[in-house]
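**Q** Just so we're aligned: the sequence shown equals residues -6 to 113 in the numbering used here.
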Amino acid sequence: MIEIWLNPACSKCRTAESALQEAGAEYTVRRYLDEPPTVAELEDVLARLGLEPWHIARTADAARLGVTLPAKVVEHRAEWLDLMSTHPRLIQRPILTASDGTTVVGRDPGSLSRVIASDM
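#1: Cutting at 6 Å between CB atoms, please list the residues of its own chain near Pro81, excluding the five before and the five after it.
#2: Could you check where the alpha helix (DSSP H) with Arg23 kicks off and where it finishes?
#3: When you compare each of Leu83, Thr21, His48 to Val67 by their alpha carbons, which one comes out closest?
#4: Of the choices Leu89, Asp112, Gly99, whose alpha-carbon is the least far from that of Asp37?
#5: Under three-state DSSP, which class holds Val97?
#6: Assuming Gly99 and Pro87 form a contact by the criterion Cβ under 8 Å, report the distance between their Cβ atoms to the nearest whole angstrom.
#7: In terms of DSSP beta bridges, what is Trp(-2) paired with?
#8: With 16 as the cutoff for other CB atoms within 10 Å, does Met(-6) come out buried or exposed?
#9: Give the C-beta separation of Asp112 and Ala18 to the nearest angstrom, bearing in mind that I take them to be a contact with Cβ-Cβ under 8 Å.
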């Protein structure tokens, strides 16, 4: 089973969901704007991705949200996580996690294929 964090208004999210459907993958949808991830959930996803919060941030959206982003350094990691949980529009999308723990930011066909293959 794959979980996909998506924004239905996002074309990359719709493409990812279509790829899941075409592959016959079982998946659940989390509309992360309606149900923002907790800091702990973000920590888990980042650990599986091997990334820091600023690597999956939509920094261009910060100004539109009236958010000042902290420096991209480990000393400000907690601030990034709090901001992303409070303002989920800052989170890159879609994020897909397979039942085996494989996690990707599914913005390209290769990433989508990897998560689908790991779950089949």
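Quick reminder that beta carbons are idealized off the backbone N, C-alpha and C, glycines included.
Predicted model only: the values in this text are computed from it and were never measured.
**A** Let me lay it out:
#1: Here residue 81 corresponds to residue number 88 of the sequence shown, with the count starting at 1. The answer, listed in chain order, is Tyr25, Leu26, Pro29.
#2: Counted from its first residue, the sequence shown places residue 23 at position 30. Taken as a continuous stretch (DSSP letters only), Arg23 belongs to no alpha helix (DSSP H), being part of the beta strand (DSSP E) at 20 to 24.
#3: As a working mapping, residue 67 is identified with position 74 in the sequence shown. Among Leu83, Thr21, His48, the Cα nearest to that of Val67 is on His48.
#4: Mapped onto the sequence shown, residue 37 falls at position 44. Closest by alpha carbon: Leu89.
#5: Within the sequence shown, numbered from 1, the residue matching residue 97 stands at position 104. Val97 falls in the strand class under three-state DSSP.
#6: Working through the sequence shown from its first residue, we reach residue 99 at position 106. Working through the sequence shown from its first residue, we reach residue 87 at position 94. With 8 Å as the limit, Gly99 and Pro87 qualify as a contact, their Cβ atoms being about 5 Å apart.
#7: The sequence position of residue -2 within the sequence shown is 5, counting from 1. DSSP lists Arg23, Ile88 as partners of Trp(-2).
#8: The residue given as residue -6 occupies position 1 in the sequence shown. Exposed.
#9: Taking the first residue of the sequence shown as 1, we reach residue 112 at position 119. Taking the first residue of the sequence shown as 1, we reach residue 18 at position 25. Asp112 to Ala18, Cβ: 6 Å. Contact.
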